[in-house]
Amino acid sequence: MIDQSAVKTAETIFTEGHTAYSFTAEPVPDEQLARVYELAKFTPTALNSQPLRITFVRTEAAKARLLPLLSEMNRAKSASAPVVAILAADTDFHEQLPVVSPQSIGAKERFAANESGRSVMARNNAWLQAGGFILAVRAVGLDAGPMGGINAAGIDEEFFPGTALRTIMVVNIGHVADDGAFPRSPRLGFDQAVTLA
Ligand SMILES: Cc1cc2nc3c(=O)[nH]c(=O)nc-3n(C[C@H](O)[C@H](O)[C@H](O)COP(=O)(O)O)c2cc1C
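Sequential numbering from 46 applies to the sequence shown in my numbering.
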């Protein structure tokens with residue numbers, strides 16, 4: 046028996062919800078941002094490593110620091126969003142492993158000695174969490190506009206100097222404007238993308 050409320054949730058998140066490019070002025074309270082994180086944090090990661098770090102930029106002063114670090118074609122999109130999330134990979138995620146992955150004996154020390162492997166692990170799993178984050182934004186009734194057209198190194202310098210955080214993308218968040226989304230882009234069909242072996 047299919048749970049109808051679950052079906053509706055899946056539609057909101059996957060089929061009805063899609064990428065937003067401009068937003069209404071309706072504010073997004075910090076409590077709603079907390080709800081986004083409380084869902085997004087359950088995205089599975091290797092070793093439960095959870096390398097994603099999120100900075101919610103939602104004051105005019107903070108947005109003024111961020112906008113010049115977006116590609117020119119993306120600035121107006123973020124300017125219209127009440128919140129822009131900077132998603133970054135913490136390449137020092139291994140420090141948390143004894144807490145989040147206590148069964149992984151020696152993992153912290155192994156990653157401490159392997160800087161390049163640590164960076165790959167941080168980025169791969171932060172990207173995985175980024176997918177969960179976008180869906181979590183939709184799950185709480187907001188719209189999301191993910192963007193990779195950014196000066197990631199510039200954002201690191203401006204927002205995370207002297208830290209192990211490495212920006213991977215930004216996500217515009219708010220309520221989509223009436224003309225704020227393009228028609229849904231085509232998706233590959235089951236037969237094109239799936240093999241049953
Ligand atoms: C990792 C990533 C990077 C993206 N970068 C940009 C970007 O720089 N600028 C932009 O306008 N859209 C960007 N997009 C939006 C995608 O083009 C959009 O999500 C995709 O075409 C699906 O659209 P739909 O949700 O409307 O079907 C990005 C999306 C993702 C997930």
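Think of the CB as a built atom: it goes at the ideal place given N, C-alpha and C, for glycine as much as any other residue.
- Following the DSSP letters along the chain, one finds N217 inside the beta strand (DSSP E) bounded by residues L210 to G219.
- For the pair T212 and P206, the Cα-to-Cα distance works out to about 12 angstroms.
- A buried status is given to G62, since no fewer than 16 other beta-carbon atoms sit within 10 Å of its beta-carbon.
- The Cβ-Cβ distance between S125 and D224 does not fall below 9 angstroms.
- According to DSSP, residue pairing for F68 in a beta bridge involves V221.
- When the five nearest sequence neighbours on each side are left out, the beta carbons in the same chain lying within less than 6 angstroms of the beta carbon of V182 are those of V81, A189 and I218, in order along the chain.
- The bridge partners DSSP lists for F205 come to none.
- For L97, the enclosing beta strand (DSSP E) covers residues L97 to V102.
- Three or more Cβ pairs closer than 8 angstroms define a contact, and the segment 169-180 meets that threshold against the segment 97-110.
- Taking all protein chains shown into account, L233 has fewer than 16 neighbouring C-beta atoms within 10 Å of its C-beta and is therefore exposed.
- Unbroken alpha helix (DSSP H) stretches of 4 residues or longer found wholly inside the segment 90-175: 105-111, 117-125, 142-145 and 152-157, given in chain order.
- With a cut-off of 8 angstroms, the C-beta of T57 is classified as distant from ligand 1, since no heavy atom of the ligand falls inside that distance.
- In this structure, the CA atom of R110 is about 46 angstroms from the CA atom of T240.
- For E160 and I200, the gap between their C-alpha atoms comes out near 22 angstroms.
- Going by DSSP, A189 is part of the beta strand (DSSP E) stretching over D188 to M192.
- About 5 angstroms separates the CB atoms of T136 and A167; that is less than 8 angstroms, so the two are in contact.
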